[in-house]
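Only one structure is covered here, and it is reproduced in the block below.
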Amino acid sequence: MDLIVSDLTVTRGGVPVLEGVGFVLRPGQALVLRGPNGAGKTTLLRTIAGLQPALKGSVSGAEDRIAYAAHADGIKQVLTVAENLRLWADVFGQADIQPALEAFNLVELRDRAAGSLSAGQKRRLGLARLMVTGRPVWVLDEPTVSLDVASVALFADAVRLHLAGGGSALMATHIDLGLEAEVLDVTPHKAVLTNALEDFDEAFL
Ligand SMILES: Nc1ncnc2c1ncn2[C@@H]1O[C@H](COP(=O)(O)OP(=O)(O)OP(=O)(O)O)[C@@H](O)[C@H]1O
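Start counting the sequence shown at 1; every next residue gets the next number (UniProt numbering).
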């Protein structure tokens with residue numbers, strides 16, 4: 001099933017940030033969002049993942065199909081690495097956590113409390129979670145932050161495997177993962193403020 005985004009307007013703090021965003025993400029496809037800091041990539045990803053409402057437009061093919069990974073990784077600090085993965089696997093009805101442990105080099109850390117992991121190790125655990133959701137559409141916001149070169153390569157391999165299995169990936173990243181991916185620059189979609197909003201702003205300056 002495709003993820004279809006049509007004529008989407010997304011807001012931050014009630015103010016439109018991006019407008020007229022549209023694309024189709026097919027099984028096996030990766031799409032990378034580009035744009036400068038503050039352009040609205042996080043806002044767009046959160047809206048597509050259903051974490052906030054769109055002002056206009058539609059997203060179809062997202063319902064119960066998206067696994068979202070962002071800055072706040074939702075790791076339970078007192079649980080071990082394996083317990084965290086087991087918890088998520090149970091929530092999503094998946095059986096095996098071993099492939100996720102192996103893919104993100106977490107086997108030796110499996111019995112460590114997640115709270116004692118380094119930033120990069122925590123990020124690896126957060127990304128390993130994607131694999132135990134069994135969900136086909138990965139939506140990723142700056143997934144490689146805190147990762148060293150070897151871990152970035154592991155992550156790229158995991159995405160490749162996911163795509164080869166018919167999954168898809170939509171991600172905001174500033175680095176080249178060496179994946180065959182299409183690129184969507186959000187800059188031309190910057191929302192134009194209406195006169196009413198501009199007048200409103202000026203009244204308070
Ligand atoms: N609570 C808020 N109210 C109003 N504007 C906000 C609020 N939070 C963030 N913004 C603004 O919304 C815009 C979009 O932010 P967003 O985080 O989506 O950008 P981004 O493209 O992901 O940036 P980066 O590459 O730095 O992560 C930015 O200009 C930001 O300053």
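All C-beta atoms, glycine included, are put in the ideal place defined by N, C-alpha and C.
Spatial distance of residue i from residue j (CA atoms)
i, j, result
"A82", "D111", "6 Å"
"V192", "F104", "42 Å"
"T133", "K190", "33 Å"
"R27", "M1", "Note that residue 27 corresponds to Pro in the displayed sequence, not to Arg. C-alpha separation (whole angstroms): 7 Å."
"L44", "P143", "15 Å"
"T80", "A95", "18 Å"
"A196", "R46", "Its pLDDT being 49, under 50, A196 is placed unreliably in this model, and the value from its coordinates should be taken loosely. Cα-Cα distance, rounded: 26 Å."
"A169", "L163", "7 Å"
"E102", "V15", "43 Å"
"R34", "V186", "6 Å"
"E108", "R86", "16 Å"
"D64", "Q52", "15 Å"
"A150", "D90", "29 Å"
"L177", "V78", "32 Å"
"F92", "D141", "21 Å"
"A100", "S58", "33 Å"
"H174", "P36", "9 Å"
"T42", "L117", "25 Å"
"I97", "D73", "18 Å"
"D148", "A119", "11 Å"
"L25", "L179", "15 Å"
Residue i Cβ short of 7 Å to ligand 1 heavy atom set
i, result
"T42", "yes"
"R123", "no"
"A54", "no"
"A39", "yes"
"G50", "no"
"G35", "yes"
"G13", "yes"
"V17", "yes"
"A172", "yes"
Nearest-angstrom Cβ-Cβ length linking residue i and residue j, presumed shorter than 8 Å
i, j, result
"K56", "A114", "39 Å between Cβ atoms; not a contact."
"L31", "G22", "Rounded, the Cβ-Cβ distance is 12 Å, inconsistent with contact."
"L18", "A62", "In fact, because the Cβ distance is near 17 Å, the residues do not count as touching under 8 Å."
"R129", "W88", "5 Å"
Member of the options whose CA lies at the smallest distance from the CA of residue i
i, options, result
"W138", "A49, S116, G178", "A49"
"H71", "H162, L127, A158", "L127"
"G166", "E102, T43, R135", "R135"
"R12", "A39, V5, R34, L106", "A39"
"A54", "V10, H162, G93, A69", "V10"
"A69", "P188, L179, V159, G178", "V159"
"Q121", "L154, V5, F92, I97", "L154"
Bridge-paired residues (DSSP) for residue i
i, result
"T80", "A113"
"M1", "None; M1 has no bridge partner."
"K190", "L18"
"T9", "K56"
"V23", "The question names Val, yet the displayed sequence has Phe at residue 23. According to DSSP, which records beta bridges pairwise, F23 is partnered with V5."
"V137", "I66, S168"
"A30", "A169"
"L184", "L33"
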